[in-house]
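**Student:** Have a look at the structure that comes next, please.
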Amino acid sequence: MGSAAVQYIGRVTIGAVRELGRVGWFLLYSLYMIFRQPGSPLQILKQLRFIGTKSLFVIVLTAGFTGMVLGLQGYYTLAKFGSEGMLGTAVALSLIRELGPVLAALMVTGRAGSAITAEIGIMRISEQIDALETMALDPFKYLVTPKFIAAIISLPLLCAIFDVVGIYGGWLVGVKLLGVNPGAYFYEMEKSVVWRDVYSGFVKSVSFGLIIAWIGCYKGYFAGHGAEGVSKATTESVVLTSVIILVWDYFLTSVLL
Amino acid sequence: MIHLRSLYKSFGTQTVLDGLDLDVPAGKITAIIGPSGEGKSVLLKHLIGLLQPDSGQVEVEGESIIGIRRSELNRIREKFGMLFQNVALFDSMTCFENVAFPLREKTKFSKDEIGRMVRSALADVGLRNIDNKYPDELSGGMKKRVGLARAVVMNPKIILFDEPTTGLDPIIKRAIHEMIKETHAKFGFTAVIVSHEIPDIFDVAQNVAMLFRGRILQHGSPEEIIHSEHPAVRQFISGSLDGPIQMA
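Sequence order for the protein chains is A and B.
Residue 257, in the numbering used here, is where the first sequence stops; the numbers in between run on with no holes.
Residue 505, in the numbering used here, is where the second sequence stops; the numbers in between run on with no holes.
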């Protein structure tokens with residue numbers, strides 16, 4: 001009984017360490033391949049269109065309503081202290097430092113990260129990845145590195161769009177609906193937001209892009225058997241990416257603050 | 258040409274290859290037959306390094322492919338072409354792009370030369386006017402033929418066929434076997450075919466090896482296999498339910 005328990009713990013531990021090693025190797029090899037064989041410009045453009053351009057609608061929609069909610073909540077909180085004029089600052093700092101990078105990344109995870117896993121997973125179970133290997137071609141060059149490059153480029157741009165649309169969402173509610181002075185909204189914002197805030201949002205969104213491509217590609221590349229294997233990989237990819245983004249966000253915030 | 262020595266491979270508690278030895282002669286068609294689920298496709302994947310054995314040796318033209326660097330393995334893989342059981346065409350590419358893909362990626366031929374080579378390879382397998390069709394617009398037999406064209410277009414020295422005729426009607430099956438024989442006669446490659454097609458495969462292959470319980474039970478000419486006295490070989494060829502081979 002005791003021996004079986006020890007064996008079980010040992011098996012689970014070895015399995016977890018092996019999985020961690022494989023995830024780490026996947027990231028390092030992907031980064032190495034970005035410099036060695038980044039894929040063709042056409043492949044990268046295709047991925048930029050898929051991860052970036054096609055995420056625009058959901059980003060604009062989410063950003064607009066996030067900004068509006070911030071405007072609404074911020075207004076009533078600041079009004080208690082007679083500081084409605086600070087609404088622009090509150091909305092902009094919340095978006096630029098935190099909500100822009102995190103929410104944009106979570107939206108892209110749901111839309112593009114899941115699709116990346118499903119696409120690579122289907123290629124795995126239908127032996128298309130094996131076919132590339134038998135042709136003496138590195139599957140990373142075709143399937144992984146273009147997605148890494150596209151995600152790293154797309155996320156900061158989507159995050160910037162998220163921030164701008166969100167700020168105007170807050171402006172719509174705060175200024176147009178609740179009567180905050182428009183000059184104060186933008187003037188206070190301009191006065192309070194510093195380069196370090198923008199820089200921290202940029203660093204976060206670049207690293208979130210890396211995480212989305214890393215976990216999305218990894219889960220697809222090692223998808224299990226059949227439709228169930230791909231389905232499981234896709235779910236795990238979205239959950240794991242979202243969790244890592246939130247945990248990593250905390251650590252980055254504590255370093256960048 | 259290809260030598261397998263004491264090959265062992267297990268998945269969890271299931272032993273698939275159990276000390277297998279096999280010599281695949283150069284320039285000939287070798288068929289691997291055996292009951293379903295005995296590891297024929299697993300064996301084929303070991304030949305090209307898609308799977309690594311737990312122990313044992315795989316040599317291709319005198320070079321071991323076990324435990325070597327990826328770049329070395331890729332150099333050896335350039336000698337191979339492979340037709341997969343499920344064809345494994347790239348589903349986001351047209352038929353033309355599928356066949357052209359290895360040429361575009363591995364050679365410096367011009368666009369026109371690649372176009373000519375692809376159309377010639379497709380014509381060799383009896384396919385015309387399908388350049389812009391996607392794999393999911395083709396029948397099973399047409400997909401197999403596109404896969405065959407992709408496998409031969411680089412003129413490899415060794416071609417592996419994993420059940421090239423499974424699921425096809427008798428006429429297309431016959432046509433594919435004839436194509437394999439014709440392309441083999443034309444290019445003289447070494448071929449390894451995993452097949453269940455008894456007795457048709459005896460007309461295609463010059464060597465036949467029967468895999469059973471993780472080992473090669475018998476290896477010889479088609480005549481030797483057909484006239485084998487081994488009970489498992491006789492049972493498999495006759496399709497009898499009685500004998501050492503039991504359904505899983």
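C-beta atoms are modelled at their ideal positions from N, C-alpha and C, and glycine is treated no differently.
At a CB distance below 7 Å, what residues from the region 119-148 of chain A approach chain B? Give them in sequence order.
**Tutor:** So the close ones are Ser126, Glu127, Gln128, Asp130, Ala131, Glu133, Thr134, Met135, Ala136, Leu137.
**Student:** Using 10 angstroms around the beta-carbon of A/Leu132, count the other beta-carbons present and answer buried if the total reaches 16, otherwise exposed.
**Tutor:** The residue given as residue 132 of chain A occupies position 132 in the first sequence. Buried, by the Cβ-count rule.
**Student:** Is there a C-beta anywhere in chain A that falls below 7 Å from the one on B/Ala345?
**Tutor:** Taking the second sequence and counting its residues from 1, the one referred to as residue 345 of chain B is at position 88. So, interface residue.
**Student:** Using a Cβ-Cβ distance cut-off of 7 Å, determine whether B/Met339 contacts chain A.
**Tutor:** As a working mapping, residue 339 of chain B is identified with position 82 in the second sequence. It does; some Cβ of chain A falls within 7 Å.
**Student:** So with Cβ pairs under 7 Å, would you call B/Arg205 a contact of chain A?
**Tutor:** Residue 205 of chain B falls outside the range modelled here, since chain B spans only 258 to 505, and no answer is possible.
**Student:** Could you check whether the Cβ of B/Glu362 sits closer than 7 Å to any Cβ belonging to chain A?
**Tutor:** Stepping through the second sequence from its first residue, residue 362 of chain B is reached at position 105. Closer than 7 Å to some Cβ of chain A, the Cβ of B/Glu362 qualifies, so yes.
**Student:** Which whole-angstrom value is the C-beta distance of A/Ala104 and A/Phe162, which I expect to be below 8 Å?
**Tutor:** Here the question's residue 104 of chain A lines up with position 104 in the first sequence. Here the question's residue 162 of chain A lines up with position 162 in the first sequence. So it is a contact: roughly 4 Å between Cβ atoms.
**Student:** Hey, how far is the Cα of B/Arg385 from the Cα of B/Pro427?
**Tutor:** Your numbering for residue 385 of chain B matches position 128 in the second sequence. Your numbering for residue 427 of chain B matches position 170 in the second sequence. The alpha-carbon atoms of B/Arg385 and B/Pro427 are separated by roughly 22 Å.
**Student:** At what residues does the alpha helix (DSSP H) containing B/Arg402 begin and finish?
**Tutor:** In the second sequence, counting from the first residue as 1, residue 402 of chain B sits at position 145. That run of the alpha helix (DSSP H) goes 397-409.
**Student:** Do A/Ile59 and A/Leu158 have their C-beta atoms closer together than 7 Å?
**Tutor:** For the purposes of this step, residue 59 of chain A is identified with residue 59 of the first sequence, where counting begins at 1. For the purposes of this step, residue 158 of chain A is identified with residue 158 of the first sequence, where counting begins at 1. Yes, these two residues count as a Cβ contact at 7 Å.
**Student:** Which partner residues does B/Phe268 have in the DSSP bridge list?
**Tutor:** In the second sequence, residue 268 of chain B corresponds to position 11, counting from 1. In the DSSP output, where bridge partners are listed per residue, B/Phe268 has B/Gln271.
**Student:** In angstroms with no decimal places, state the Cα-to-Cα distance between A/Ile116 and B/Arg334.
**Tutor:** Here residue 116 of chain A is taken as the residue at index 116 of the first sequence, counted from 1. Here residue 334 of chain B is taken as the residue at index 77 of the second sequence, counted from 1. Taking the straight line from one Cα to the other gives about 28 Å.
**Student:** At what residues does the alpha helix (DSSP H) containing A/Thr66 begin and finish?
**Tutor:** Residue numbering aside, residue 66 of chain A sits at position 66 when the first sequence is read from its first letter. Residues 56-79.
**Student:** Three or more C-beta pairs under 8 Å: does that hold for the region 117-132 of chain A against the region 346-359 of chain B?
**Tutor:** Because the criterion of three Cβ pairs below 8 Å is met, the region 117-132 of chain A and the region 346-359 of chain B touch.
**Student:** Is DSSP giving A/Val180 helix, strand or coil here?
**Tutor:** If you number the first sequence from 1, residue 180 of chain A lands on position 180. Coil, per DSSP.
**Student:** Find the residues of chain A that neighbour B/Asn464, judging by a C-beta separation of less than 7 Å, and give them in chain order.
**Tutor:** Numbered from its first residue, the second sequence carries residue 464 of chain B at position 207. Within chain A, no residue comes near B/Asn464; the closest Cβ sits about 22 Å away, beyond 7 Å.
**Student:** Could you check how far apart the C-beta atoms of B/Asp419 and B/Leu301 are, in whole angstroms? I think they sit under 8 Å.
**Tutor:** For the purposes of this step, residue 419 of chain B is taken as the residue at position 162 of the second sequence. For the purposes of this step, residue 301 of chain B is taken as the residue at position 44 of the second sequence. Yes, they are in contact, since the Cβ atoms of B/Asp419 and B/Leu301 sit about 5 Å apart, within 8 Å.
**Student:** As an exercise, report each continuous beta strand (DSSP E) stretch of at least 3 residues that is fully enclosed by the region 262-326 of chain B, in chain order.
**Tutor:** Fully enclosed beta strand (DSSP E) runs of 3 or longer: 271-281, 286-290, 312-317.
**Student:** Examine the Cβ distances between the region 234-250 of chain A and the region 148-157 of chain A and report whether three or more of them are shorter than 8 Å.
**Tutor:** Not touching, per the Cβ criterion.
**Student:** Taking contact to mean at least 3 C-beta pairs separated by less than 8 Å, is the region 287-304 of chain B in contact with the region 394-409 of chain B?
**Tutor:** No, because fewer than three Cβ pairs between the region 287-304 of chain B and the region 394-409 of chain B fall closer than 8 Å, the two stretches do not touch.
**Student:** Under 8 Å between beta-carbons, which chain A residues line up against B/Leu307? List them in chain order, please.
**Tutor:** One-based indexing of the second sequence puts residue 307 of chain B at position 50. Those are Asp130, Glu133, Thr134, listed as they occur along chain A.
**Student:** According to DSSP, simplified to helix, strand and coil, what is B/Phe341?
**Tutor:** In the second sequence, counting from the first residue as 1, residue 341 of chain B sits at position 84. In the structure shown, B/Phe341 sits in a strand (DSSP, three-state: E or B).
**Student:** Would you say B/Asn331 faces chain A, with C-beta separation under 7 Å as the test?
**Tutor:** Residue 331 of chain B sits at position 74 when you count from the first residue of the second sequence. Yes, contact with chain A.
**Student:** Alpha carbon to alpha carbon, how far is A/Val144 from A/Tyr32? Give it in angstroms, no decimals.
**Tutor:** Sequence index remark: in the first sequence, residue 32 of chain A carries index 32 (1-based). Sequence index remark: in the first sequence, residue 144 of chain A carries index 144 (1-based). One C-alpha to the other measures close to 11 Å.
**Student:** Among all the DSSP beta bridges, which residues are the ones paired with B/Phe469?
**Tutor:** Numbered from 1 along the second sequence, position 212 holds the residue referred to as residue 469 of chain B. For B/Phe469, which the question treats as bridged, DSSP gives the partners B/Arg472.
**Student:** Could you tell me the alpha carbon to alpha carbon distance between A/Leu106 and A/Tyr185, rounded to whole angstroms?
**Tutor:** Taking the first residue of the first sequence as position 1, residue 106 of chain A is located at position 106. Taking the first residue of the first sequence as position 1, residue 185 of chain A is located at position 185. Spanning the two alpha carbons is a distance of roughly 28 Å.
**Student:** Return the residue from the list B/Ala432, B/Leu468, B/Glu486 that minimises the CA-CA distance to B/Asp381.
**Tutor:** In the second sequence, the residue the question calls residue 381 of chain B occupies position 124. If we check each option's Cα against that of B/Asp381, B/Ala432 comes out closest.
**Student:** Is DSSP giving B/Gly372 helix, strand or coil here?
**Tutor:** By one-based count along the second sequence, residue 372 of chain B stands at place 115. Three-state result, B/Gly372: helix.
**Student:** Whose CA, out of A/Ile34, A/Leu87, A/Gly82, lies closest to the CA of A/Gly71?
**Tutor:** In the first sequence, counting from the first residue as 1, residue 71 of chain A sits at position 71. Among A/Ile34, A/Leu87, A/Gly82, the Cα nearest to that of A/Gly71 is on A/Leu87.
**Student:** Taking any Cβ of chain A, which residues in the region 399-422 of chain B have a Cβ under 7 Å from it, in chain order?
**Tutor:** Cβ contacts with chain A come from no residue of the region 399-422 of chain B.
**Student:** Determine, using beta carbons only, whether B/Pro310 comes closer than 7 Å to chain A.
**Tutor:** Taking the second sequence and counting its residues from 1, the one referred to as residue 310 of chain B is at position 53. By this cut-off, B/Pro310 is not an interface position.
**Student:** Since I believe B/Ala288 is in contact with B/Ala462 (beta carbons under 8 Å), could you give me their beta-carbon distance rounded to a whole number of angstroms?
**Tutor:** Here residue 462 of chain B refers to the residue found at position 205 of the second sequence. Here residue 288 of chain B refers to the residue found at position 31 of the second sequence. Contact flag correct, Cβ pair sits at about 4 Å.
**Student:** On the three-state DSSP scale, how would you describe A/Phe202?
**Tutor:** As a first step, residue 202 of chain A must be located in the first sequence, where it is residue number 202. If DSSP states are grouped into helix, strand and coil, A/Phe202 belongs with the helices.
**Student:** If you follow the alpha helix (DSSP H) that A/Ala151 is in, where does it begin and where does it stop?
**Tutor:** Within the first sequence, numbered from 1, the residue matching residue 151 of chain A stands at position 151. Here the alpha helix (DSSP H) through A/Ala151 covers 145-171.
**Student:** By Cβ distance, which residues of its chain are closer than 8 Å to B/Pro310, with the 5 residues on each side in sequence left out?
**Tutor:** Residue mapping note: residue 310 of chain B aligns to position 53 of the second sequence, counting from 1. So the qualifying residues of the chain are Leu264, Tyr265, Lys266, Leu274, His303, Ile323.
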